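Numbering (the UniProt record's numbering), first residue to last: 1 to 187. Positions of the beta carbon are idealized from the N, C-alpha and C atoms, including for glycine. Only a predicted model underlies this, so the values are computations on that prediction, with no experimental measurement involved. Reviewing the structure listed below.
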């Protein structure tokens with residue numbers, strides 16, 4: 001288990017691996033005080049931001065794959081809503097302030113225990129200043145997007161679908177996962 005403690009944070013007894021009483025999953029738990037150590041997925045929140053038919057992408061400055069492009073998104077912090085996390089990540093990675101229009105896609109990646117929540121958003125301010133996780137940011141016309149340099153397959157899939165929907169003027173809300181490769185439309 002990644003980042004799993006060895007000892008109970010409450011009573012310092014060594015944690016055991018097994019199915020705790022009343023549970024259905026194997027977990028680390030404390031036989032001394034009953035503490036159960038849960039390992040929950042990480043939430044990644046971000047936005048598809050459009051301005052004048054162009055889409056905001058950020059060029060990664062940090063691993064994995066520095067130099068590749070992605071939508072502005074990142075890990076949700078404790079105490080944030082998903083919307084707050086998405087807008088904060090957009091601001092940190094691009095210096096762009098935005099307003100959320102609607103949710104757009106929820107995509108699970110169970111192998112690495114991550115869930116992506118992507119919103120549709122519009123620009124309210126562009127400062128030209130971005131954080132250290134970004135080498136560059138740009139608004140791309142659809143035919144100028146560096147498709148082969150988008151690192152995350154889920155992000156590429158979400159952006160491709162969004163652009164097609166934008167052209168049709170009809171947007172859905174989607175959910176999917178990388179285990180099946182299937183994405184489902186929700187009305």
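Could you tell me which of 123, 127, 105, 166 sits nearest to residue 190, measuring between CA atoms? Outside the shown range of the chain, which is 1 to 187, sits residue 190, and nothing can be said about it.
To which residues of the same chain is residue 185 closer than 7 Å at the C-beta, ignoring the five residues directly before and after it? For this step, residue 185 is matched to residue 185 along the chain shown. For residue 185, the predicted model reports a pLDDT of 47, less than 50, meaning its position is unreliable; a value from the coordinates is still stated below. Around residue 185: 172, 174.
Can you list, in chain order, the residues of its chain with a C-beta nearer than 6 Å to that of residue 61? Leave out the 5 residues immediately preceding and following it. Walking along the chain shown from the start, residue 61 turns up at place 61. Same-chain partners within the cutoff: 133, 134, 135.
Alpha carbon to alpha carbon, what distance is there between residue 118 and residue 11? As a position in the chain shown, residue 11 is number 11, starting the count at 1. As a position in the chain shown, residue 118 is number 118, starting the count at 1. When rounded, the distance between both Cα atoms is 40 Å.
Determine whether the beta carbon atoms of residue 100 and residue 71 lie at a separation below 8 Å. For the purposes of this step, residue 100 is taken as residue 100 along the chain shown, with counting starting at 1. For the purposes of this step, residue 71 is taken as residue 71 along the chain shown, with counting starting at 1. Going by C-beta atoms, residue 100 is not nearer than 8 Å to residue 71.
Contact under 8 Å by Cβ, residue 140 with residue 57: What you label residue 140 is simply residue 140 of the chain shown in a count that begins at 1. What you label residue 57 is simply residue 57 of the chain shown in a count that begins at 1. Taking 8 Å as the Cβ cut-off, residue 140 and residue 57 qualify as a contacting pair.
Since residue 69 sits in a beta bridge, which residues does DSSP pair it with? Within the chain shown, the letter at position 69 stands for residue 69. Residue 69 pairs with 59, 150.
Can you check whether the CB of residue 44 is closer than 8 Å to the CB of residue 115? In the chain shown, the residue the question calls residue 115 occupies position 115. In the chain shown, the residue the question calls residue 44 occupies position 44. In contact: residue 115 and residue 44 (Cβ atoms closer than 8 Å).
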